[in-house]
Amino acid sequence: MNILVILGHPEQGSLNHAIAEQTVTTLHELGHQVVFHDLCREGFDPGLPGMEISRDAKLPPEIQQHCNELADADGIVIIHPNWWGMPPAILKGWVDRIMRVDVAYRFVGEDGGEGVPEGLLKADRALVFNTSNTATEREQNIFGDPLERIWKDCIFDLCGVREFHRRMFNIVCLSSQQKRESWLSEVRDTVSRIFPSD
Numbered sequence: 004m005n006i007l008v009i010l011g012h013p014e015q016g017s018l019n020h021a022i023a024e025q026t027v028t029t030l031h032e033l034g035h036q037v038v039f040h041d042l043c044r045e046g047f048d049p050g051l052p053g054m055e056i057s058r059d060a061k062l063p064p065e066i067q068q069h070c071n072e073l074a075d076a077d078g079i080v081i082i083h084p085n086w087w088g089m090p091p092a093i094l095k096g097w098v099d100r101i102m103r104v105d106v107a108y109r110f111v112g113e114d115g116g117e118g119v120p121e122g123l124l125k126a127d128r129a130l131v132f133n134t135s136n137t138a139t140e141r142e143q144n145i146f147g148d149p150l151e152r153i154w155k156d157c158i159f160d161l162c163g164v165r166e167f168h169r170r171m172f173n174i175v176c177l178s179s180q181q182k183r184e185s186w187l188s189e190v191r192d193t194v195s196r197i198f199p200s201d
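Structure follows, in structure tokens:
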């Protein structure tokens, strides 16, 4: 399988980076082809210019490359921290610029954008790893787990990816090295289960 892995965290050496490294290593061990982007390290510009909004816009080469990689992916892994119940701005900007009309979805027939689009992504499964300093019970009962709604319902389901998995690791600020190692072991096991070897 061809797996696209996207990391959105600015701090090298973070748990998010360790999760990404474990994910990529595991996917390679399973025999998959991997396209990996550390958006912050690569200096991805999250700002969506007005000239890119139209469906027939001429995209910058690096944005077109990201779009092609997304369209070619058989599976997608997203890794990021929970910041204010949202992905970091750089990852939100990646969604804005890359999950675009005629790449990730399209409007059918006479639908001018007011209805429910048809998903176009080839990927049949997506996995999201999050980190947080909020307890699971509080995240669900007080905030309604917004990251689940964002990724599962508002993005992947809309774009045609029907199999969705997500794991939140928390509370990171209080975690021991032993706990983090157990989380990375879980990352390995989860990736192996969702993307078994061909």
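According to this note's numbering, the sequence shown holds residues 4 to 201 in order. All residues carry an ideal CB built from backbone N, CA and C; glycine is no exception.
- Within the region 112-173, the complete alpha helix (DSSP H) segments of 4 residues or longer fall at 139-144, listed in chain order.
- Collapsing the DSSP output to three states places residue 191 in a helix.
- When rounded, the separation of the alpha-carbon atoms in residue 60 and residue 174 is 43 Å.
- Between the alpha carbons of residue 135 and residue 185 lies a gap of roughly 16 Å.
- Comparing C-alpha distances from residue 53 to each of 150, 62, 4 shows the shortest one belongs to 62.
- Going by beta carbons, residue 9 and residue 31 fall outside the 7 Å limit.
- Counting only residues of its own chain and dropping the five nearest sequence neighbours on each side, residue 129 has a CB closer than 8 Å to the CB of 78, 79, 80, 81, 154, 159, 164, 166, 167, 168.
- Boundaries of the beta strand (DSSP E) around residue 5: 5-10.
- Within its own chain, the residues whose Cβ lies closer than 7 Å to the Cβ of residue 148, once the five positions on either side in sequence are excluded, are 142, listed in chain order.
- Residue 162 counts as buried, since no fewer than 16 other beta carbons sit within 10 angstroms of its beta carbon.
- Proximity to residue 87 across 15, 146, 183 peaks at 146, based on C-alpha coordinates.
- Collapsing the DSSP output to three states places residue 78 in a strand.
- The region 43-53 and the region 88-100 touch, with three or more beta-carbon pairs separated by less than 8 Å.
- Per DSSP, residue 106 lies in no alpha helix (DSSP H) segment and is marked neither H nor E.
- In the three-state reduction of the DSSP assignment, residue 48 falls in the coil class, being assigned neither a helical nor a strand state.
- DSSP places residue 37 inside the beta strand (DSSP E), whose first and last residues are 36-41.
- Exclusion of the five residues before and after residue 34 leaves 200, 201 as the residues of its chain whose Cβ lies within less than 7 Å of its Cβ.
- Excluding sequence positions up to five before and after residue 13, its CB lies within less than 6 Å of the CB of 43, all in the same chain and listed in chain order.
- Note that the C-beta distance between residue 194 and residue 28 is not below 7 Å.
- Beta-carbon to beta-carbon, residue 19 and residue 69 are separated by about 19 Å, too far to satisfy the 8 Å threshold.
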